[in-house]
Each structure stands twice: as C-alpha cells, then as structure tokens.
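Asker: Residue numbers (our numbering): 3 to 471. Below are the structure tokens for one structure; questions will follow.
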Amino acid sequence: MSSVPTKHLRQRALEGLNNSQMRAATRKVVDRLDNGKREASKQLEQWEEWRVQGAKIRQHVIENLDYYLNQLIENVKKSGGHVHLASKGQDAAGIIRDICLQHNAKLVVKSKSMVTEEIRLNKALEEAGIVVQETDLAEYIIALAGEPPSHIIVPSMHKNRYQIAELFSKVAGYQLETDTPTLTAFARKVLRNKYLEAQVGITGCNFAIAESGSITTVTNEGNARMCTTFPKVHIAVMGMERVLPTFEDFEVLLALLPRSATGQKITSYVSVFNGPRKKGEIDGAEEFHLVIVDNNRSKILADPQFRDALRCTRCGACFNVCPVYRQIGGHAYGSVYGGPIGSVITPLLEEDYNFWGELPFASTLCGACTMTCPVKIPLHDLLIKLRNKKVTKGFTSGAEKTVFKIWRRFYQGSGTYRFAMKSAYYLQKPLVRKGYIKFGPPPLSAWTNSRYFPAIAKKSFKEEWNKNH
Ligand code: SF4
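Listed below in structure tokens is the structure:
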C-alpha cells in the first residue's frame, strides 16, 4: 500500500503534538464537521434505524461479495465498459498506466480517490512521464505541498489559508491575497484548462451498483463530473468492497454518507456513470475502464474477526470524534488511511504487521468512533482484536512481555495481589505529593510529563467495602 514511514508512531505523534498550527486547524475543521453531522442526523429523524439499515446492506454485500462483483462486472461489460481486476496495488497502478500509455496520454486529470492514493498511482504515472493534475481543491493543495492527505474527506484540513496562499502564489508567480474567494478563484482558473487538455480522466467510485453496472461519485466541487466528460477516456478505480446491489440500497447509503461526512443532506453533485458515451448521448467519455482493486481486501474478507471493517463508506465521521486524531493529526498515522478506521484497516491491508501493528494503539478505546459510524462498524472492538493479534504474533518487546508476566503472577491469586498493592503503596511514598505522583521515573514519566498519576490508596476498594458493609 503506502510506503513504510521511517519513523515510528510515537515519533510521528510527537511531531504532530508539537505542531500547534496543524492542531488548531485540525480541531477547527473536525469540530465543524462533527457538529454538522449531529445536526443533519437529527433532522433526518430515526437516524438509528437508518444506521441499522445501512449496516445490514453493507454486511449483506460483504457476505455475498463474489455474487455482486460478478453481477457488476457483467453489467459494466454489457454497457460497453472494460473491467480490470488487480490483485495488488502495483498491479492496479500498472493497468492504469498502460491504459494511459496506449492513449498517448501526456496529462491526466484526477478527482479525489483514496484508493488511488493507496495504490500510489500518481507515482506510477509520473514515472511513466505522465503529468497528473489533481482537480479536487484539497488534493490540489496537498499535491502542491508535496504532502499526503491528512483526512479522507478534507485531505488538506491541516493547512490554513495563509499557507494555501503561499502555495498558490508560487504557481501564480505573484503574491495572492489570503481570502478564500481569491484562492478558490485562482484554483478554478488553473484547473479549468486542464480538463480541456487532458487525454484521460481518473475518478474513484463511492459505490458501484451491481444491478446496472453503474459507477457513482458523490462530490461537492463537480470536478469528478468534469474529469469524466471532457477527456476521451474515463478510468474509475474502486476497492473491491465498494459495491451495492441496487439503487434502492444506494438511496439508504446516500442518506447516511453526506450527513456523516460533511453534515449535508446531500452533496452538490451525485453522478451516475454507465459505461462509455452511447450513440445519441451528448456527453461522456468515449472509452470507459473500471479497475477493481483487491490489495489484501480478500484477506480481510476471509477473516471473520475483521470482515466488518469492509463495510466502511469512507465518510470520515470516526476521524472527527476521535480524541487521538484531533491531537496528533492525520500524518501521524503514517498511512493513507488515518483515524480509527485507518488504525484498523492499515495493519490488515499492509504486509508488514510488525510495523503497522502499532497503529491500533493510537486509540483511547473510548468507543466514540463506534458510536458515530453510520454503518455500525465496531471499531473499538476491532482495535482490541488487532492489539491481541500483535501479541499473539509475538511482536511485543521483551520488556513488555516481562512486565506482563510479573503482572500476571501477582494478579493470579488474591494473596499475591494484596501483597503487590501493599508493596506498591509503600514503594510509591517518596514520589507522592497531595495524593498524586506528579513526577515519576521512566516509564511512569511518560504519563506524569503531561498529567498527574493518582497515588495508590492505602486501603483497597474491597477493604473499604468490607469495613462499611
Ligand atoms: S469506519 Fe464508519 S465512521 Fe469511519 S470512515 Fe468508515 S463508515 Fe465512516
């Protein structure tokens, strides 16, 4: 999937924590998105029932994925489209590169698509001499900054308008004003011509509809529609789980997705594509390709413990409520997919579990992600299972294993437990001030550096209980 970062989670998180500008920008946007989501879900009424229905639809698809994928492929072909199945990320990027080269593409326009980030498509195209123009405003900003996305819905949420003005001014060759209308007008002017020049348009796919072989995109800027109408060739890229059986199912997911993502009843553009342009139609690409990416999704599908994660709609709502994400920011996850869902799927999609298995620890396990997820993915349960997987695979340090062996020994019997607590009470005494340990030695200092640690009480809860009952 993504290239493996050189730094570990702890270092990346510290960098995020030390970046006050990024943290302020992130907090502002996630609060706005989450408040919008709460308001929009209240207005819909019976939100919980919509969630149940959404979860049922997605679960049904996951459990019958081979059937719906076959139906989708058959119907895309009937509409005159070409379908390509890619087992690995580099296979998918290679297929897309080859289609572009067959059409002598020098420039491709792209709308936002996380799966193309996952397969590192831009790098593959650029290595083949093809210029990639991101057309989503946020993607355009981070492409200019040379940075990965920090959120799946608002990839540039860590940037403020002054930073964006700096980036755009370099392109303009003069200093731009920092107000939003000036900046968006500038981006529009640059991007408009690119649609006319590009030979190939590449989009993601929010959902593919099996019954008709349709591809849908849900956007606010209209850029996906421009990518699919001006260039002669349209390539849509989708993770293999992004299928829905019917348009009726799409209606349910369309009620959940924009509300959860941006707090909107519906986005400005909901587009449905059915293969290439037909005779008599006035717009659409002359050639249509659908690239379906596996990239270890079938491994997740085969594991009943983690299969629920494939229900994800990529709405980003779990990012917006996560107390860890809002502090460390999206880049600290080191993966294309950050936040709670990223901490679940990245270790499963990536080959190197030893490295990526630290992501499930970037969570307080408060359960806010599970509560907000529109398709009821039990995210915090999955995070616990992934932590367990790291231990059972033997990827824990010798020191950690020793600590837990000692811990188990003392906690196995009530006598040893009482002895341990009494010893700890007396051992902590030199460090305790007014009921708290304010400065602890390592490794306790990792906690006391930023907050106090409550001292162990002289009497246990059980002793107090027995005394008073
Ligand atoms: S896990 Fe749920 S809340 Fe998070 S992005 Fe996926 S669908 Fe949205």
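For glycine and all other residues, C-beta sits at the position ideal for the given N, C-alpha and C.
May I ask whether a heavy atom of the ligand SF4 can be found less than 7 Å away from the beta carbon of ALA319?
Answerer: Indeed, a heavy atom of the ligand SF4 lies less than 7 Å from the Cβ.
Asker: Assuming SER81 and GLY215 are in contact, meaning their beta carbons sit under 8 Å apart, how far apart are those beta carbons, in whole angstroms?
Answerer: Right, their Cβ atoms sit about 5 Å apart.
Asker: Among LEU35, GLN307 and TRP358, whose alpha-carbon lies nearest the alpha-carbon of ARG12?
Answerer: Per the Cα distances, TRP358.
Asker: Which value, in whole angstroms, describes the spacing of the CA atoms of GLN472 and GLY341?
Answerer: In the structure displayed, the chain extends from 3 to 471; residue 472 sits before or after that span and is not available.
Asker: Please confirm if LEU351 has its CB atom under 8 Å from at least one CB of chain C.
Answerer: Annotation note: the requested chain C is absent from the structure, which comprises a single protein chain.
Asker: In angstroms, rounded to a whole number, what distance separates the CA positions of ALA57 and LEU87?
Answerer: Going from the Cα of ALA57 to the Cα of LEU87 covers about 26 Å.
Asker: Output the distance between the C-alpha atoms of SER171 and THR269, rounded to the nearest integer angstrom.
Answerer: Whole-angstrom Cα-Cα distance: 30 Å.
Asker: When every heavy atom of the ligand SF4 is checked, does at least one fall within less than 7 Å of the C-beta of VAL377?
Answerer: Result yes, Cβ under 7 Å from the ligand SF4.
Asker: Distance check for CYS317 and LEU46, CA to CA, integer angstroms please.
Answerer: Answer to the nearest angstrom: the Cα atoms are 17 Å apart.
Asker: Using beta-carbon positions only, say whether GLY96 and ALA126 come within less than 8 Å of one another.
Answerer: Against a cut-off of 8 Å, the Cβ pair of ALA126 and GLY96 comes out as a contact.
Asker: I'd like to know if the region 199 to 206 and the region 214 to 231 are in contact, where contact means that at least 3 CB-CB pairs between them fall below 8 Å.
Answerer: The region 199 to 206 vs the region 214 to 231: in contact.
Asker: Which runs of the beta strand (DSSP E), 3 residues or longer, sit entirely within the region 206 to 238?
Answerer: DSSP runs (the beta strand (DSSP E)) wholly in the region 206 to 238: 209 to 211 and 216 to 221.
Asker: Give the DSSP bridge partners of MET240, in chain order.
Answerer: Per DSSP, ILE294.
Asker: Thinking ALA210 and ILE204 are a contact (beta carbons under 8 Å), I'd like their distance in whole angstroms, please.
Answerer: In fact, because the Cβ distance is near 15 Å, the residues do not count as touching under 8 Å.
Asker: Run the CB neighbour count on TYR70, radius 10 Å, all protein chains shown included, and call it buried at 16 or more, exposed below.
Answerer: Buried, by the Cβ-count rule.
Asker: As an exercise, report each continuous beta strand (DSSP E) stretch of at least 3 residues that is fully enclosed by the region 397 to 445, in chain order.
Answerer: Whole beta strand (DSSP E) segments, 3+ residues: zero.
Asker: Restricting to runs no shorter than 4 residues, where is the alpha helix (DSSP H) found entirely within the region 307 to 359?
Answerer: Qualifying alpha helix (DSSP H) stretches, in chain order: 319 to 323, 327 to 330, 341 to 351 and 355 to 358.
Asker: I'd like the list of long-range same chain contacts for ALA457, defined as Cβ closer than 7 Å, with 5 residues on each side in sequence excluded.
Answerer: For ALA457, where only same-chain residues beyond five positions count, the Cβ hits under 7 Å are GLN430, VAL434, GLY437, TYR438 and ILE439.
Asker: Could you tell me the alpha carbon to alpha carbon distance between VAL293 and THR118, rounded to whole angstroms?
Answerer: If you take the alpha carbons of VAL293 and THR118, they lie about 10 Å apart.
Asker: Please state the DSSP three-state secondary structure of PRO376.
Answerer: Of the three classes helix, strand and coil, the one that applies to PRO376 here is coil, per DSSP.
Asker: By a C-beta neighbour count over all protein chains shown, 10 Å radius and 16 as the cutoff for buried, is GLY131 buried or exposed?
Answerer: Per the 10 Å Cβ criterion, exposed.
Asker: Using a Cβ-based criterion (distance less than 7 Å to any ligand heavy atom), does CYS324 qualify as near the ligand SF4?
Answerer: No, the ligand SF4 has no heavy atom inside 7 Å of this Cβ.
Asker: Using only CA atoms, which one of CYS324, ALA187 and PRO443 lies nearest to ASP36?
Answerer: Considering only alpha carbons, the answer is CYS324.
Asker: Under the assumption that LEU303 contacts SER345 (Cβ atoms under 8 Å), give the Cβ distance between them as a whole number of angstroms.
Answerer: Going by Cβ atoms, the distance from LEU303 to SER345 rounds to 19 Å, so no, they are not a contact pair.
Asker: So THR28 packs on ILE155, CB below 8 Å; how close in whole Å?
Answerer: Their Cβ separation, rounded to whole angstroms, is 13 Å, which puts THR28 and ILE155 out of contact at 8 Å.
Asker: If we call anything under 8 Å between Cβ atoms a contact, is ARG194 one with THR182?
Answerer: For ARG194 and THR182, no; Cβs fall outside 8 Å.
Asker: Classify GLU120 as buried or exposed, calling it buried when 16 or more other Cβ atoms lie within 10 Å of its own Cβ.
Answerer: Label assigned to GLU120: buried.
Asker: Three or more C-beta pairs under 8 Å: does that hold for the region 278 to 288 against the region 395 to 408?
Answerer: The region 278 to 288, when compared against the region 395 to 408, does not touch it at the 8 Å Cβ threshold.
Asker: Can you determine whether any heavy atom of the ligand SF4 sits closer than 7 Å to the C-beta of CYS368, and answer yes or no?
Answerer: Answer for CYS368: no, Cβ out of range of the ligand SF4.
Asker: Can you name, in chain order, every residue of its own chain whose Cβ lies under 6 Å from the Cβ of LEU367, other than the five neighbours on each side?
Answerer: Same-chain partners within the cutoff: HIS382.
Asker: State the Cα-Cα distance for the pair ARG279 and GLU289, rounded to the nearest angstrom.
Answerer: When rounded, the distance between both Cα atoms is 8 Å.
Asker: Tell me, please, which residues DSSP counts as bridged to ILE204.
Answerer: LYS112 and ILE237.
Asker: Please find out if some non-hydrogen atom of the ligand SF4 comes closer than 7 Å to the beta-carbon of SER262.
Answerer: Under cutoff, so the answer is yes.
Asker: Going by the C-beta, is LEU384 closer than 7 Å to any heavy atom of the ligand SF4?
Answerer: Checking every heavy atom of the ligand SF4 against the Cβ of LEU384, none is found closer than 7 Å.
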